[in-house]
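The following block contains the structure:
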């Protein structure tokens, strides 16, 4: 089973899916969905469309020139079936996939680290510009602490009163049930 690539977005096209466009000079263009074909007809550049793999590679969002990606190549000659060769190939495919996954995750982590550093610098700058908001004057700080202590004490009083009321209600309910029986 040969899996083709979309001319516009480079995603997989499985047998029986997609469409082919053949130009007058006999060049074949395969498209995975009507969206890609419409963009091709409008002469849109895939490197400028954010959802294509060409854009991701052009703007360094994906790995480029990685040897682990070279295993997916079109072969013009079909090799004869050999069981030992296929077993080795299946083992190597698993290894290649793990290597590819590790490299991609490392690449993504490296890209995210740059943004993390930028955010860290922006946070430092924000702290420098708004330092007065962070350093609360002592008078205000003591008022806030007093308010917190008072509200905590009030909450505890309300909770104890509510417990007493529920306990009294339960006693009265038991008395009423005893009288009815």
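Numbering (full-length UniProt numbering), first residue to last: 1 to 181. The beta carbon of each residue, even a glycine, is placed where N, CA and C say it ideally should be. Just so it is clear, the structure is predicted and the values come from calculations on it, not from any experiment.
Express the C-alpha separation of residue j and residue i in angstroms, rounding to a whole number.
| i | j | result |
| --- | --- | --- |
| residue 156 | residue 177 | 32 Å |
| residue 87 | residue 110 | 35 Å |
| residue 2 | residue 18 | 13 Å |
| residue 56 | residue 48 | 9 Å |
| residue 154 | residue 160 | 10 Å |
| residue 152 | residue 162 | 15 Å |
| residue 120 | residue 34 | 43 Å |
| residue 179 | residue 173 | 10 Å |
| residue 39 | residue 99 | 34 Å |
| residue 12 | residue 118 | 36 Å |
| residue 53 | residue 46 | 8 Å |
| residue 82 | residue 64 | 33 Å |
| residue 43 | residue 15 | 26 Å |
| residue 103 | residue 97 | 10 Å |
Following the continuous beta strand (DSSP E) through residue i, name the residue where it begins and the one where it ends.
| i | result |
| --- | --- |
| residue 28 | 28 to 31 |
| residue 21 | 19 to 22 |
Based on the DSSP secondary-structure assignment, which residues constitute the bridge partners of residue i?
| i | result |
| --- | --- |
| residue 154 | None, per the DSSP bridge assignment. |
| residue 13 | 4 |
Any chance you could list the alpha helix (DSSP H) runs of at least 4 consecutive residues sitting entirely within the stretch 36 to 113, in chain order?
53 to 58
Hey, is the stretch 28 to 40 in contact with the stretch 3 to 12, meaning 3+ C-beta pairs nearer than 8 Å?
yes
With a threshold of 8 Å, are at least 3 pairs of Cβ atoms found where one atom belongs to the stretch 48 to 66 and the other to the stretch 12 to 29?
no
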